[in-house]
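This report concerns only the one structure given below.
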Amino acid sequence: MRYLVWALRLLVFIAVLMFALKNTDPVAVKFYADYVVQDVPLIVVMLATFVLGAVFGLLLTVPASMRRRREAQRLRREVERLQAAANGTQPPVAPEAVAPMSPL
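Here you go:
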């Protein structure tokens, strides 16, 4: 199975390499306010666009992953509490749970 994965990776790499070699024509990149960058290889523009899209996509997943991490931590504490209750022992209680700290 490991060799199959490496063979697929090699095929994808070769396909991307061939695509990059075929798209080296210079293009003009036009920004707002009539700012133009001349003679940029097309593959550089495509790669930059892909990377920016991937970064923005990952940034959109951060809040959901942090929410899942907090929920998993809360559930782990709940399981520990229930296991301690089932064993007949009381788990240690945080001081904040008994008497919340007041702001100074």
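With full-length UniProt numbering, letter number 84 in the sequence shown gets 84, and the count goes up by one each step, no holes. The C-beta atom is built at its ideal place from N, Cα and C for all residues, glycine as well.
From what residue to what residue does the beta strand (DSSP E) around A28 run?
The residue you call residue 28 lines up with position 28 of the sequence shown. Note, A28: beta strand (DSSP E), P26 to K30.
Determine which residues share a DSSP beta bridge with P41 and list them.
Working through the sequence shown from its first residue, we reach residue 41 at position 41. Note: P41 is bridge-paired with P26 in the DSSP secondary-structure output.
Between the segment 3–17 and the segment 32–46, do at least 3 Cβ pairs fall closer than 8 Å?
no
Does the Cβ-Cβ distance between V27 and V45 come in under 8 Å?
On the sequence shown, residue 27 is found 27 positions in, with the first residue counted as 1. On the sequence shown, residue 45 is found 45 positions in, with the first residue counted as 1. For V27 and V45, yes; Cβs fall inside 8 Å.
Measure the C-alpha to C-alpha separation of L60 and Y32 and round it to an integer number of angstroms.
Residue numbering aside, residue 60 sits at position 60 when the sequence shown is read from its first letter. Residue numbering aside, residue 32 sits at position 32 when the sequence shown is read from its first letter. One C-alpha to the other measures close to 25 Å.
Just to confirm before moving on: does the CB-CB distance between D25 and L42 stay below 8 Å?
Mapped onto the sequence shown, residue 25 falls at position 25. Mapped onto the sequence shown, residue 42 falls at position 42. Cβ distance < 8 Å, so D25 and L42 count as in contact.
Please name the residue or residues paired with V36 in a DSSP beta bridge.
Walking along the sequence shown from the start, residue 36 turns up at place 36. The partner list for V36 (beta bridge, DSSP) reads K30.
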